[in-house]
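Numbering (the numbering used here), first residue to last: 95 to 196.
Listed below in structure tokens is the structure:
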């Protein structure tokens, strides 16, 4: 399927570009569950218990319920543009045992 191939190529190019600018890039599925291997994210949050966070709900990594609610609210907003929306959201995440990364 040509459309599927073009989408994969576009997604791959976007991923390469984001990898150059951000410490870690993680793909989430429609349920906000980590869909890629999650290895880079596991290393970023210094999670020594698991090698991969694949299958983990992304908002479970946040340190507070308020941040979970804010995240769910923001990702639940419909995109006003056909190309999607770029947004910025700062959250604290659990890092290793008993620590947080902001």
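Quick reminder that beta carbons are idealized off the backbone N, C-alpha and C, glycines included.
- When only Cα atoms are considered, residue 110 and residue 134 end up about 14 angstroms apart.
- Note on residue 153: 16 or more other CB atoms within 10 angstroms of its CB, so buried under the neighbour-count rule.
- For residue 105, the enclosing alpha helix (DSSP H) stretches over residues 96-115.
- Residue 122 sits in a strand when the DSSP states are folded into three classes.
- DSSP, read as helix, strand or coil, puts residue 169 in helix.
- At a Cβ-Cβ threshold of 9 angstroms, residue 147 and residue 155 count as neighbours.
- Counting along the chain, residue 135 sits inside the alpha helix (DSSP H) bounded by residues 133-138.
- Note: residue 156 is bridge-paired with 187 in the DSSP secondary-structure output.
- Nearest neighbour of residue 185 by Cα position, chosen from 161, 108, 136 and 113, turns out to be 161.
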